[in-house]
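Using full-length UniProt numbering, read the sequence shown as starting at 1 and increasing by one per residue.
Glycine included, C-beta positions come from ideal geometry on N, C-alpha and C.
In this text, all values refer to a predicted model and were calculated from it rather than measured experimentally.
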Amino acid sequence: MRSGRIFDPRTGRRGVRLVTTTHDGRGTVMADEKSDGIAVLQGEAGRDLRWVVSVDEGRGSLLVMLTLFRGGHRAPGIGFDGTMSLGGAVLESSRGRADGYPWHVMARTDASATRVVATTDRGTEVELALSAFMPEYGSTFAAAVMPDGECPCALRVERDGAILDVGPQPSWPCPPAIGG
1 MRSGRIFDPR
11 TGRRGVRLVT
21 TTHDGRGTVM
31 ADEKSDGIAV
41 LQGEAGRDLR
51 WVVSVDEGRG
61 SLLVMLTLFR
71 GGHRAPGIGF
81 DGTMSLGGAV
91 LESSRGRADG
101 YPWHVMARTD
111 ASATRVVATT
121 DRGTEVELAL
131 SAFMPEYGST
141 FAAAVMPDGE
151 CPCALRVERD
161 GAILDVGPQP
171 SWPCPPAIGG
């Protein structure tokens with residue numbers, strides 16, 4: 001069993017979701033508790049897959065999570081915990097993949113970012129959805145789901161076409177064969 005703080009945009013509820021993951025990778029909601037998680041960005045990929053980026057602040061840190069939903073099922077998410085300030089960095093990022101779901105990537109960037117692009121193992125460039133600057137978190141947030149069978153290997157942060165940062169360093173390794 002694992003837990004993650006999320007915001008469910010369908011119900012408008014914030015909570016700690018305690019889930020168990022079945023052998024097929026689908027999550028089952030077990031319980032809810034109140035929390036301060038806030039949805040900062042959401043989108044869709046295909047006809048039945050949607051995603052939500054949420055943040056939860058506490059004790060001087062900021063937890064950032066990306067959660068996927070397909071139909072009534074919640075996939076295991078990805079996330080990272082960092083300080084409230086990026087501390088001069090331009091980019092924090094994470095990627096992940098659950099069984100039966102495509103690769104997905106999210107990022108937290110500083111205020112100067114106007115575009116974030118993921119490059120996959122097949123050379124495809126995928127522009128991430130980008131939130132407005134959120135001064136309460138000192139950041140913008142970005143996320144995308146990759147094309148089926150493609151793995152995000154690097155991110156590029158831009159401001160008006162000029163490259164600000166390329167990360168992660170070193171580039172994420174991608175499996176030789178991914179499958180969709």
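When the Cα atoms are used, Thr124 and His73 turn out to be separated by approximately 28 Å. Rounded to whole angstroms, the separation of the alpha carbons of Thr140 and Trp51 is 17 Å.
Uninterrupted beta strand (DSSP E) stretches at least 3 residues long and entirely within the stretch 49-97 occur at 49-58, 61-70, 78-83, 91-96, given in chain order.
Proximity of the stretch 57-76 to the stretch 96-103 meets the contact definition, three or more beta-carbon pairs being nearer than 8 Å. Taking C-beta separations shorter than 6 Å and ignoring five residues to either side along the sequence, the partners of Ile78 in its chain run Leu66, Ser94, Gly96, following chain order. Excluding its 5 nearest sequence neighbours in each direction, Thr109 has C-beta neighbours in its own chain below 7 Å: Val90, Leu91, Val116, Ser139, Thr140, Ala142, Val157, listed in chain order. Counting only residues of its own chain and dropping the five nearest sequence neighbours on each side, Leu164 has a CB closer than 7 Å to the CB of Val90, Ser112, Ala113, Val157, Glu158. The C-beta separation of Ser54 from Gly37 comes to about 5 Å, placing the pair in contact by the 8 Å criterion. Spanning the alpha carbons of Met106 and Asp48 requires a straight line of approximately 19 Å. Here DSSP, grouped into helix, strand and coil, assigns Leu130 to strand.
Taking a contact as a CB-CB distance under 8 Å, the pair Ser131 and Leu62 does not count as one, their CB atoms being some 14 Å apart. Secondary structure of Cys153 (DSSP, three-state): strand.
Secondary structure of Gly161 (DSSP, three-state): coil. Comparing C-alpha distances from Glu150 to each of Asp81, Gly60, Gly46, His104 shows the shortest one belongs to His104.
Nearest in C-alpha terms to Glu136, of all of Ala154, Leu86, Ala45, is Leu86. Going by beta carbons, Ala118 and Met84 fall outside the 8 Å limit.
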